[in-house]
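**Q** The structure follows.
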Amino acid sequence: MMRLPDIGRFVLRALTTARLRTALMLLAMAIGVASVVVLTSLGEGARLYVTGQFAALGSNLLIVLPGRSETTGGPPPLLGETPRDLTLEDAGALGRHHAVRYVAPLVVGSAAVSHGQREREVAVLGSTASLFAIRNLQMDRGSFLPAIDPTQALSVCVLGSKLARELFVNANPLGQWVRVGSSRFRVIGVLAEAGVSIGVDLADIVFIPVASAQALFNTSSLFRIMIEVQDRDQLPAAKKAVQETIRVRHDGEDDVTVIAQDAVLATFDRIFLTLTLAVGGIAAISLLVAGILIMNVMLVAVSQRTAEIGLLKALGAPPRQIMLLFLVESVILALIGAVLGVAAGFGSNWLLAQAYPDFPLQVPVWALAAALGVAISAGILFGIMPARRAARLDPVVALSRR
Amino acid sequence: MISGVASLARQSAMIEVQGISRVFSVGDEQVLALQDVSLSVHAGEYISIMGPSGSGKSTLLNTIGLLDRPDTGRYLLEGLDVTRMTDEEQARIRRERIGFIFQFFHLIPRLTAAENIELPLVLASIPPAERRPRVAAMLAALQLQERANHRPDQLSGGQRQRVAIARAAIIRPAVLLADEPTGNLDRAAGTEVVRIIEELHANGLTVIMVTHDPELGRRAGRRLRMQDGRIVADSDHDAAA
Ligand SMILES: Nc1ncnc2c1ncn2[C@@H]1O[C@H](COP(=O)(O)OP(=O)(O)OP(=O)(O)O)[C@@H](O)[C@H]1O
Ligand SMILES: [Mg+2]
């Protein structure tokens, strides 16, 4: 067998001689690897972005919804039995548990909000002062809902930034009265520009005390109850305690669903990981295409170099040696192409990062390893057939051609 | 005992071809390229093979050079039955004991003259430090020093064939097999090539050369004539007869 440096020199000589062929194959391989790198980092970036948004909400959150989750199975509800509503009393009872730091009951509706001639239809959220801490809200001016008895109605409200701008233009809304549905509320605060937080545009919203909202929408039930647990470790225990408390209060019926923010996060995490894998897989197809291209070009190379292969055989190169030479050629092509592709991928990511500085672009390590692995495997896999063909050439026939 | 074996080896022929046949099938037809050919060649002989086109000269040479396997018969090279060997073992014999020269030179176009000459040593995984002086000596012997770094397309036909001869001779083979080495050269270049081959023979190399040129063929110490896959004349036997 030839010495390793001799093999390397021989193969590189062949590659640098056939420049166009080499450049084309490198390009194909590089495009494949670069697209895996860019697409998976976009997917990974999306995952990080969304989970980051959730994490900003606080990860030690529990959400209590009325009605049992379908996924838990169990017997169908008895005829005429509807799930009991969540009430302010339920919320109060939950707040007494030692693992619970804050409880915020939530009533959601929509109503016309007006000031003078200006009127807009927006989401109305009834809640308590605790929500401020639970959702990490920020004030632009004034203060949030006061910490009063949740059952007490009070004619004060807090406006989202966009709503405040549209109702008051440049005037100061603090201390002014607005009409929400049929009632009047005094503006005590305006939220800071917080952007979108999980589906609710906080800029286009009005907060009023929960009891006022119940009166406004003529209901005694809650949309949901949000709970912040003292400590993340206590999440499972708190979840059990919440279910237990509600069951006792609802005559032994498990008629609520308790979602941990963690679980939502994990679900999103899984969804995005699957998405990234799918996108990466699609990109990997271009690697296969590159591999097939390598195979074809190597087959052409074998037929072009038939006389050379015949000569090598006449000079005593065994079939294994010929096979190795051609295999090394395709693997080196794949390898250099992959390295170029990684460089191009990181380069495009850098450009994307310049254009969208807020989006966290990150190349997942597994994708990088997979792209390189697939590229090299493609080099070997698609190199085998041409290499075998070269190794099996009949030297007499190969040499009889000029 | 040991000296007895050695003397026996010296007496027996270096190449011992015993009743080999080679049949090619082209479509439905069978072409008998070699028919029951036997031949003994002793070390140091200089043999020419002549005969009409298609008479089996190349096939015989390829069989002796282990590029082709006979369908029947036996072939002993330096006392070893090489017809029984695997491809891998035959490749090793070619690497170490056989030098080829072809009508179309078969130099690798992207390698320089020196690199083409070095190739058999590279294939035999001889370390570079040992290769360099041998290549330099070979270039000097064939007056190719100035052409060492030229690629084949920068060389004349005669120079190319000289590079090919250097490549065949550098492994110090047991036998040099030349298939029409002058077939692609003008008379002057051809004569020069034959002169070099004869010089190698004078230094002890066994040479078997296929040629169409009667003048060149006559110069060989032993002359074979082939027809329809058989050796129909052998100057040795004729002399003996
Ligand atoms: N690979 C092959 N397939 C089929 N037939 C072949 C093959 N190689 C040789 N032959 C046939 O075998 C016969 C002998 O061929 P060979 O090449 O040995 O002749 P040659 O004496 O060298 O002729 P030339 O002087 O033209 O080189 C010819 O009839 C040829 O057509
Ligand atoms: Mg011939």
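Chains X and S supply the protein sequences, listed in that same order. Using numbering that gives the first Met the number 0, the first residue of the first sequence is number 0, and each one after it goes up by one. Using numbering that gives the first Met the number 0, the first residue of the second sequence is number 0, and each one after it goes up by one. For each residue, glycine too, the CB sits at the ideal point set by N, CA and C.
Does Gln320(X) come out as helix, strand or coil in the three-state DSSP assignment?
**A** The answer is helix: DSSP assigns Gln320(X) an H, G or I state.
**Q** For Ala456(X), which option in Leu398(X), Gly340(X), Lys239(X) has the closest C-alpha, if you only look at C-alpha atoms?
**A** Nothing about residue 456(X) can be read from this structure; chain X reaches only from 0 to 401.
**Q** Can you list the residues near ligand 2, meaning Cβ strictly closer than 7 Å to any non-hydrogen atom, in the order they appear in the chain?
**A** Taken from the N-terminal end onward, the list reads Lys56(S), Ser57(S), Asp178(S), Glu179(S), Val209(S).
**Q** For Val296(X) and chain S, any beta-carbon pair shorter than 8 Å?
**A** With 8 Å as the cut-off, Val296(X) does not count as an interface residue toward chain S.
**Q** What did DSSP end up calling Gly108(X) once you bin it into helix, strand or coil?
**A** DSSP places Gly108(X) in strand when its eight states are reduced to three.
**Q** Do you know offhand how far Leu398(X)'s Cα is from Leu371(X)'s?
**A** Going by the C-alpha atoms only, they are around 38 Å apart.
**Q** If I measure Cβ to Cβ from Phe407(X) and keep anything under 6 Å in the same chain, skipping five residues before and after, which residues do I get?
**A** Outside the displayed span of chain X (0 to 401) sits residue 407(X), for which this structure offers no information.
**Q** Starting from the Cα of Asn61(S), find the closest Cα among Met49(S), Val40(S), Ile97(S), Glu88(S) and give me that residue.
**A** The candidate whose alpha carbon is nearest that of Asn61(S) is Ile97(S).
**Q** Could you please give the first and the last residue of the uninterrupted alpha helix (DSSP H) stretch that includes Asp86(S)?
**A** Start and end: 86-96.
**Q** Decide if Val177(X) is buried, meaning its Cβ has at least 16 other Cβ atoms within 10 Å, or exposed.
**A** Flag for Val177(X) reads buried.
**Q** Within 7 Å: the Cβ of Val341(X) and any heavy atom of ligand 1?
**A** Because no heavy atom of ligand 1 lies under 7 Å away, the Cβ of Val341(X) does not count as near it: no.
**Q** Is the Cβ of Thr21(X) closer than 8 Å to any Cβ of chain S?
**A** Not one chain S Cβ lies under 8 Å of Thr21(X).
**Q** Leaving out the 5 sequence neighbours to the left and right, which residues in its chain are closer than 7 Å to Ser113(X) when beta-carbon positions are compared?
**A** The answer, listed in chain order, is Val177, Arg178.
**Q** Indicate the three-state DSSP secondary structure (helix, strand or coil) for His428(X) in the structure shown.
**A** What the structure shows of chain X is the stretch from 0 to 401, and residue 428(X) is not part of that stretch, so it cannot be assessed.
**Q** Please say whether Glu227(X) and Gln59(X) have beta carbons closer to each other than 8 Å?
**A** Reading off the sequence shown, one finds Asn at residue 59(X), where the question assumed Gln. Contact: yes.
**Q** So, do the region 193-212 of chain S and the region 36-45 of chain S have three or more beta carbon pairs nearer to each other than 8 Å?
**A** Flag = yes, the region 193-212 of chain S and the region 36-45 of chain S touch.
**Q** With burial defined as no fewer than 16 other Cβ atoms inside 10 Å of the residue's Cβ, what is the status of Arg2(X): buried or exposed?
**A** By the 10 Å Cβ count, Arg2(X) comes out exposed.
**Q** Could you name the residues of chain X that Asn202(S) contacts, counting a contact when the two beta carbons are closer than 9 Å?
**A** In chain order: nothing, as chain X lies at least about 21 Å away.
**Q** Compare the Cα-Cα distances from Gly78(S) to each of Ile92(S), Arg109(S), Leu59(S), Ser54(S) and report the closest residue.
**A** Selected option, being the one with the closest Cα: Ile92(S).
**Q** Would a check of beta-carbon distances place Ala404(X) closer than 8 Å to chain S?
**A** With chain X covering only 0 through 401, there is no way to say anything about residue 404(X).
**Q** For a contact meaning CB atoms closer than 7 Å, what does Leu398(X) contact in chain S?
**A** The contacting residues are Phe101, His105.
**Q** Sorted by chain position, which residues of the same chain lie with C-beta nearer than 7 Å to Thr150(X)'s C-beta, five sequence neighbours on each side aside?
**A** Cβ neighbours of Thr150(X) beyond the five flanking positions: Leu87, Ala210.
**Q** What did DSSP end up calling Gly94(X) once you bin it into helix, strand or coil?
**A** In this structure, Gly94(X) counts as helix in the three-state DSSP scheme.
**Q** Pull up the distance between the alpha-carbon of Gly309(X) and that of Gln303(X), whole angstroms please.
**A** Looking at the two C-alpha atoms, the distance is approximately 12 Å.
**Q** Cβ-heavy atom distance between Ile50(S) and ligand 1 below 7 Å?
**A** What sits at residue 50(S) in the sequence shown is Gly, not Ile. For ligand 1, at least one heavy atom lies less than 7 Å from the Cβ of Gly50(S).
**Q** Taking 8 Å as the limit between beta carbons, can you name the residues of its chain near Ala313(X), skipping five residues before and five after?
**A** Excluding positions up to five away in sequence, the list reads Pro394, Leu398.
**Q** Could you tell me which uninterrupted alpha helix (DSSP H) segments, each at least 4 residues in length, are contained entirely in the region 129-211 of chain X, listed from first to last along the chain?
**A** Complete alpha helix (DSSP H) runs here, min 4: 129-133, 160-167.
**Q** Please report how far the alpha carbon of Leu118(S) lies from the alpha carbon of Leu76(S), in whole angstroms.
**A** Cα to Cα, the separation comes out at about 24 Å.
**Q** Closer than 8 Å, Cβ to Cβ, to anything on chain S: give me those residues from the region 378-392 of chain X, in chain order.
**A** Hits within the stretch: zero.
**Q** Using 8 Å as the limit for Cβ to Cβ distance, is Met405(X) near chain S?
**A** No information on residue 405(X) is available, as it lies outside the stretch 0 to 401 that chain X covers here.
**Q** Is the beta carbon of Gly26(S) within less than 7 Å of some heavy atom of ligand 1?
**A** Outside the cutoff, so no.
**Q** How big is the Cα-Cα spacing for Ala163(X) and Ser181(X)?
**A** Cα to Cα, Ala163(X) sits roughly 19 Å from Ser181(X).
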